[in-house]
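Colleague: Residues 1380 to 1568 (my numbering) are what the sequence shown spells out, left to right.
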Amino acid sequence: METTSEHILDAVERLISDEGTRKLTIDAVAAEAGMSKGGILYNFCNKRELLLGVIRRAVTQYRQRTYELSDKLSAQGVACPVLRASFDIYRDYRNKTAPKALFALAVQEPELVAEFHEMSGEFAQAISDEADDPVIGHICELVVDGLYYRVAMDIETRSSEEIEKLIDRVLMITSHSSQYTEIKAEVGN
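Below, the structure written as structure tokens:
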């Protein structure tokens, strides 16, 4: 059963997706949630707390989903499970408005970015650790970040087919990164 706080955060996400953050008010959230203004303020003392609640929930959900999927892939013996999980989740998120709304929040309230910063560092390290070559791991991390940022800023111009080719190529490179590392060691570079 959904808690009152979750119900309120759902309303905030809908408003942000439809209207952006500039028109987000406690009154608007109350109307969207079908609650009184006092009910909203009882759970979240101000607009900033509402925004922080949305961000924290998004980060928690993304982190949980990524680890659940990467654990499942790892149990199946799939190479680079965190990287693959990141791409699979990206495929789900790229057509949703939530990433764009969360990016808009981060632009307006830079101090709220701390939640994303921590998670980004965590997954960047996990992706780099999966690669046999740290440079290839870093390249993979940047590709994942770039895909998410382009969706969040609503500036992706490539088709889904082009992006799938890019993802396939990155996964191919990671599966051959140990061969590259061995060749590099033999050459002495």
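C-beta: ideal position from N, C-alpha, C; glycine also.
Tell me which residues share the same chain as Ile1405 and place their Cβ nearer than 7 Å to its Cβ, disregarding the 5 neighbours each side in the sequence.
Modeller: Lys1416, Ile1419, Leu1420 and Lys1426
Colleague: Is Ile1387 near Ala1412, with beta carbons less than 8 Å apart?
Modeller: Their beta carbons are under 8 Å apart, which means Ile1387 touches Ala1412 by this criterion.
Colleague: Tell me which residues share the same chain as Ala1503 and place their Cβ nearer than 6 Å to its Cβ, disregarding the 5 neighbours each side in the sequence.
Modeller: Contacts found: Glu1520.
Colleague: Just how far apart, CA to CA, sit Ala1458 and Met1551?
Modeller: Met1551 has its alpha-carbon roughly 11 Å from the corresponding atom of Ala1458.
Colleague: Using 10 angstroms around the beta-carbon of Tyr1366, count the other beta-carbons present and answer buried if the total reaches 16, otherwise exposed.
Modeller: Residue 1366 falls outside the range modelled here, since the chain spans only 1380 to 1568, and no answer is possible.
Colleague: For a test of the three-state rule: what should DSSP assign to Leu1545, helix, strand or coil?
Modeller: It is helical.
Colleague: For Asp1467, which residues in the same chain have their Cβ closer than 7 Å to its Cβ, ignoring the five residues on either side in sequence?
Modeller: Leu1448
Colleague: What is the rounded straight-line gap between the Cα of Gly1456 and the Cα of Thr1382?
Modeller: 37 Å
Colleague: Quick check: the Cα distance between Tyr1469 and Leu1526, rounded to an integer number of angstroms?
Modeller: Rounded to whole angstroms, the gap between the alpha carbons of Tyr1469 and Leu1526 is 8 Å.
Colleague: Nearest-angstrom Cα distance between Arg1463 and Tyr1441?
Modeller: Cα to Cα, the separation comes out at about 14 Å.
Colleague: Give the range of the alpha helix (DSSP H) segment to which Gln1440 is assigned.
Modeller: Lys1426 to Ala1454
Colleague: Would you call the CB atoms of Gly1432 and Ser1384 closer than 8 Å?
Modeller: Their beta carbons are under 8 Å apart, which means Gly1432 touches Ser1384 by this criterion.
Colleague: Run through DSSP, which three-state label would Lys1563 get?
Modeller: Confidence at Lys1563 is low in this model, with a pLDDT of 44, below 50, so its placement is unreliable and the value that follows should be read with caution. Correct three-state label for Lys1563: helix.
Colleague: If I follow the unbroken alpha helix (DSSP H) through Ala1493, where does it start and stop?
Modeller: From DSSP, the alpha helix (DSSP H) with Ala1493 extends over Ala1493 to Glu1509.
Colleague: At which residues does the alpha helix (DSSP H) containing Phe1466 begin and terminate?
Modeller: Pro1460 to Tyr1472
Colleague: Let me make sure I understand the geometry here. Which of Gly1516, Asp1524 and Leu1491 has the alpha-carbon closest to that of Ser1499?
Modeller: The shortest C-alpha separation from Ser1499 is found at Asp1524.
Colleague: Can Val1522 and Val1492 be called in contact, C-beta distance under 8 Å?
Modeller: Cβ atoms of Val1522 and Val1492: not closer than 8 Å.
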